[in-house]
Amino acid sequence: MELISQVTIDDSVYLATDLIKLAEEKQKSKDKRRKSRFSKILSNSKTIETTMHLTDEVMRVSSSKAAGKILRGINKKVTLKGLGIIDFFGLKTLILISNIFPGFAKFIVKTRVKLDSKGIISNSDRNKLSNYIQKRKKEDIDININILGEAVLGEDEANKRFKEILSVMELEEVTYISVKISAIVSQLKEVDHDGSVRRVAEKLRKIYSKAIEEKVFVNLDMEEYRDLEVTIDVFKKLLEEESFESLYAGIVLQAYLPDSHLAFQDLTTWARRRYEKTGTKIKIRIVKGANLAMERTEAELNGWKAGPYETKEEVDASYARLINTAIDPKNKNFLTIGIASHNLFHIAFASTLAEIRDCKEQIEIEMLDGMANPEALAVKEKFGSVLLYSPVTSDEEFPSAVAYLVRRLDENTSEENYLRASFDIAPGNKEFNQQAKRFIDSIHMSHVVNIDSRRRAEQNRSRELSYQQGSFINQSNHDLTNKEFIELIKNREYMFGKTLIPVVISGKEYLNLKSKNGTEPGKEGKTLYSYNLSTKELVDDSVRIAKFEQKNWEKTSIEKIKEIMGNCAKIMEENRPRLIAAMMRDGGKTISEADPEISEAIDFVRFYALSAENLNKESSAHGVVVIAPPWNFPYAIPMGGIAAALVSGNSVIFKPAPETVLIAWELVNQLWEAGVPKSVLHFLPTEDNEVGKYLITHKDVDTVVLTGSYETALLFKKWKPSLRLLAETNGKNSIIVTESADIDTAVKDIIDSAFGHAGQKCSAASLAIVDESIYNNPAFFKQLKDAVTSLKSGDSSDLSTSIGPLISPVNKNLSKVIEELDEGEEWLVKPKQLESVYTWSPGVKINIQPGSWSHQNEWFGPVLGVMKAKDLEQAIDWQNSVPYGLTAGIQSLSKKECEFWIENVEAGNLYVNRTTTGAVVNRHPFGGWKNSSFGPTSKTGGDHYVSMFRNHKLLDNIESLIYEFKRTWEEIGNKSIKLADTKSERNFKRYIPYKNILVVVDDNYLIELENLIFWIGDLLKINIKIVTKESLLNEDITLDMPIFEKIRWISRDKEIPKYIFSSGANVDDRDLMQSGSQELLCWVKEQSISITNHRYGNIGAGPQPFIDW
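The numbering of the sequence shown is this note's numbering, which starts it at 55 and goes up by one.
Below, the structure written as structure tokens:
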């Protein structure tokens, strides 16, 4: 790359000055009016926000009534300063009449937005488009067509867009078209690079063939970072095929990605070889990049470095560097360079370089249609040609195309952006001097700007250092676009054959016991490994040793515990590919499901170790803790339970889920390797038989941690009523879709929530409760059906699989929902068994009736039920009427609807405009209400979980308790507490008092105790009823049981009647504690709230519900 001389820089500035003067001369009165209007809008933040609401929210909702509500909601943001007098009073009038004539108000908004976007987004009607291109050709301006439309969620929409592209290419006037691979192929899997290339190639071959037939130039657009390598590889693959080896075609590179520099070198080398063979060139269109906001949002939520550069200065420098590298006499025979920018300084720079290097024919200047018409005319006059990138869409799909408008508006709001400056720029003025300096700086910086990939850089070293310094940062998920990482996983799939897993007690392995085969669900239940089964005698040995060794372990310093858990986190990260491979084979998980589970497990060990620093010094460990985890999260959940028990001073007996013993074996070995003594962590696989029962009910087991069904928790308590059981149980979760929802976003989030891990998550949304206006809108079911039928089910080792296998053949509940239709129900998409009893295609059952079996029951499989509600209140009633309260979601662009829902829904984890799955440690502490939890539990991944494993000092000073209790409530009560510092997601927790609590006391309880309990009730506004244990036998109290959300059993007699646990109330049998902060948690429910805080990555856009009480 040549150094740029000062003379070249000066010449570029002089040329840019001439272009700006010429553009001023080219301005017509309508151009001046438009610039003045945009300048006003962009100079006022409230007007920008109002414009975003109009172009996105009001336009996107299908219900006119809902659009009217949103319109009225922005009334206070409408300002005269930013809009001008006509628009101000026009919008105010619309807001006034929107309550009476919402359809008319929405029509006017849509008409005005379409009018303002005229030239920016054109009509795709064949006649109108032909006329538009002809009009531009009379001005000697060429057009690059880009077809916009509905979100491509499935193959039907992808095929529709594909056919539209082919159809448009047949128009005589069309000579140039841009194609995004994500528009012609749906459900591209970032882990499946080769498969994605094959799928895209099938469609692109036909487009290239049509290009040859119709003499149309095809340019492959670039959008998301994940598409970069697939787009380049499919481009090269097809242009090497005999049919297309002489085809002149193009591809885009984005300067905001440092990766584009290496990509440019690769394309240049390849293009040279192709030219030497065929004599045909290619075109590389260099843009700065148009998806910055969404790239940053996705990166933040995954813990990555965003692929694009951090600063505008770096992007400009990268752009200048690419221009400098590309415009080269050595390249001009085989490489045309598209200079795509509105920045007249960079256009002038490219032209100056081309003149100096005798490459004038190598470059083509490109701009966005409608964004800077006078500048485009100036460029055309100065250089002889200009190509305008022109998005087109149909009238029906115009509301879906507003995402493009929102991105354009978002890009132009920054003061450093050239387009914003162009509204006022003139030679010598402030805007000119600022932009000239930015340009000159970009040239100087271009020689030193870092071109190493940011996304592929080491992500997690900073997390480790933060942990060592006593602070917590969530572990990053891995970048699954990294082909080398995927290859590491695939290479480790074959490391687990013929494994025989022992029972391990205090380091001694038992290998000659009765054994059982572990199967591989993705291979039709084929045997993958074998594992030994514990006996009752070994249970006795394990409990005895664990009890003895626990006392020494409890004395371990917090520094040593943090060191061990830090070691464990490092080992887990180092073994990520192996662990994913194990989960794929043993648990049937896809890579995209397994990867974040490892991040969660790492978060658990670090977060809990740091939490242990805050344990009450007057508390003591429970003793021996049995961890009985589920098979659906076979790594993160047991790791979290074991870590919490260990860091709080307990010894652990790990009873793995029988379905996923191999993953458990990997996990326990990592803990031992990290430094956990084998004497305090035992590994006891058992069957769910008398041996398992013996372990759970053992007299010296102090606590059992269960993640499983509510029925299993009841069974454990039936076996041993005095058992201290901490259980996370079922969820019958749903997402409400209101009349104010964005249908495309709602469908995407429903699909992800319902079918991730084949629907085998306790947090999965097996129901969508849809407002009748959306339910009756054909677009909703069209998009839903298209998305569902495009999901591929299969073996998780097949990288193209979206829905992996079931862990076992269809269970009873899943069989019922598949085989039976209750009154009124019908299939939108019927699930089908595929190549094995473990593999099923996804299904959607519609018209689920309130109170029906499908409404009330969990089925743990890839089936979604859909209900039709008349309004939000009815939808909430139905959402709350199930026995469970784990996760709940809402899809709505209405701030008021979101606020109403948040204050009335009954669940432990609330999700607004996002999926109901994927809880992240400390960001979304996880745990449910009602029958979604059992016993005195606290949210996993939250501040209080570790303290659940300690015995706290019992009450001996009521006055001291009252003081600390009240102080703690003043700190955390009646407010929402912010969690995790993320821009793209607002996360909160809050503590909500139970409404009705039954307190069970001894017959001879003290009056002071009664006064304390009623004082707590008065402070927290809880309806409390105090009864003695003997009085529970009275019939009237038994009948009253269902009204109590919680039963606080402080009687010293802990033999709780079995029917108490069947009442549905949460039973907490802890005695009153001296610690006010601990005691308070017994009287309140924890709730986590997660709210998406962006639209298309635009931070702060979308509803901003206020959730403080």
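Glycine residues also receive a C-beta, built at the ideal position from the N, C-alpha and C atoms.
Residue 151 and residue 159 have their C-alpha atoms roughly 7 angstroms apart. In the pairwise beta carbon analysis, the stretch 355 to 365 is classified as not touching the stretch 374 to 388: fewer than three pairs are separated by under 8 angstroms. Under a 10 Å Cβ-count criterion, residue 997 is classified as buried, with 16 or more other Cβ atoms of the shown protein chains found around its own Cβ. DSSP places residue 334 outside both helix and strand once states are collapsed to three, so it counts as coil.
In the three-state reduction of the DSSP assignment, residue 757 falls in the strand class, which pools E and B. Contact between the stretch 983 to 996 and the stretch 957 to 964 is present, with at least three C-beta pairs closer than 8 angstroms.
In this model, residue 393 and residue 683 are separated by some 57 angstroms (Cα to Cα). The criterion of a C-beta distance shorter than 9 angstroms is satisfied by residue 576 and residue 858. Taking the Cα of residue 690 as reference, the smallest distance to any Cα among 319, 656, 670 and 89 is reached at 656.
Residue environment: residue 1021 is assigned as exposed (fewer than 16 neighbouring CB atoms within 10 Å of its CB, all protein chains considered). Here DSSP, grouped into helix, strand and coil, assigns residue 910 to helix. The three-state secondary structure of residue 1160, taken from DSSP, is coil.
In the DSSP annotation of this structure, the continuous segment of the beta strand (DSSP E) that includes residue 945 starts and ends at 941 to 945. Pairing residue 1080 with residue 1067 gives a Cβ-Cβ distance under 9 angstroms. For residue 762, the closest C-alpha among the options 688, 451 and 258 is that of 688. Nearest neighbour of residue 548 by Cα position, chosen from 846, 633, 538 and 510, turns out to be 633. In this structure, the beta-carbon distance from residue 120 to residue 794 falls below 9 angstroms.
Rounded to the nearest angstrom, the Cβ distance from residue 943 to residue 1140 is 18 angstroms, too far for a contact under 8 angstroms.
With fewer than three CB-CB distances shorter than 8 angstroms, the stretch 853 to 870 does not count as touching the stretch 660 to 668.
In the DSSP assignment, residue 736 falls within the beta strand (DSSP E) that extends over 735 to 737. The distance from the Cβ of residue 492 to that of residue 382 is about 25 angstroms, inconsistent with a contact at the 8 angstroms cut-off. Per DSSP, residue 197 lies in no alpha helix (DSSP H); the unbroken beta strand (DSSP E) holding it starts and ends at 196 to 201. Put simply, the backbone Cα of residue 958 is about 42 angstroms away from that of residue 752. Straight-line measurement puts the Cα of residue 983 at about 24 angstroms from the Cα of residue 679. If you keep only unbroken alpha helix (DSSP H) runs of at least 4 residues inside the stretch 1009 to 1054, you get 1012 to 1026. Residue environment for residue 525: exposed (fewer than 16 other C-beta atoms within 10 angstroms of its C-beta). Between residue 704 and residue 608, the C-beta spacing is below 9 angstroms.
The beta carbon of residue 268 is closer than 7 angstroms to those of 223 and 224 in its chain, skipping five residues each way along the sequence.
DSSP places residue 708 inside the beta strand (DSSP E), whose first and last residues are 705 to 708.
In the DSSP annotation of this structure, residue 571 is not part of any alpha helix (DSSP H); the continuous beta strand (DSSP E) holding it starts and ends at 569 to 574.
For the set 935, 954, 905 and 939, the Cα lying nearest the Cα of residue 926 is the one of 954.
Counting along the chain, the unbroken beta strand (DSSP E) around residue 563 starts and ends at 562 to 564. Between residue 250 and residue 243, the beta carbon gap of about 6 angstroms places them in contact (Cβ cut-off 8 angstroms).
Going by beta carbons, residue 734 and residue 706 fall inside the 9 angstroms limit.
For residue 921, the pairing in a beta bridge is given by DSSP as 823. In terms of CA proximity to residue 779, 756 leads the group 765, 785 and 756.
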